[in-house]
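Asker: The numbers in the working numbering rise by one with no breaks, and the one at position 46 of the sequence shown is 39.
Beta carbons: idealized from backbone N, C-alpha and C, even for Gly.
Starting off with a structure, shown below.
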Amino acid sequence: VLVPAGTIINPLEKLPFTQAVIVFDPLDHEQLLLVDKKLNEIKELYPRITLIATRFDKENGWESYKDITNRFDSPVFKLTSDIHSRFGLRFVPSVITAESNIFVIEELASVTEEVSK
-6 VLVPAGTIIN PLEKLPFTQA VIVFDPLDHE QLLLVDKKLN EIKELYPRIT
44 LIATRFDKEN GWESYKDITN RFDSPVFKLT SDIHSRFGLR FVPSVITAES
94 NIFVIEELAS VTEEVSK
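As structure tokens, then:
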């Protein structure tokens, strides 16, 4: 037996979470502007950033994805239902970080939009 049944393990106690995860809607112009504005400030605090999009432009497909990755010079991942539920995301844009052994979710001000499944 590695761990007895019912044992609660906080992975943040074993391995620190030293990055920031930014969840946003790249099809919302105001959210893009807000992420642009906050990105440098976030990068100063967290050298590793993961960008997650709530949706992509299906009509423009690959071109739309390339535009957003080029804009941020970084890959952009699709928000999965697992991430959505695990962090209890309700509004975007949001930044997920950790302090000590708890996750912190900060909703960026002024243009928050409810996340739909």
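Which class does Ile2 belong to by DSSP, given the choice of helix, strand or coil?
Answerer: Of the three classes helix, strand and coil, the one that applies to Ile2 here is coil, per DSSP.
Asker: Please state whether DSSP places Arg41 in a helix, a strand or coil.
Answerer: Strand, per DSSP.
Asker: Can you tell me the Cα-Cα spacing of Lys51 and Val(-4), whole angstroms?
Answerer: Roughly 44 Å separates the two Cα atoms.
Asker: Which of the three DSSP states is assigned to Glu52 in this structure?
Answerer: In this structure, Glu52 counts as coil in the three-state DSSP scheme.
Asker: Identify every residue that forms a DSSP beta bridge with Glu100.
Answerer: Answer is Ser87, bridged to Glu100.
Asker: So, are the CB atoms of Lys71 and Ala46 less than 8 Å apart?
Answerer: Yes, the Cβ-Cβ distance between Lys71 and Ala46 is below 8 Å.
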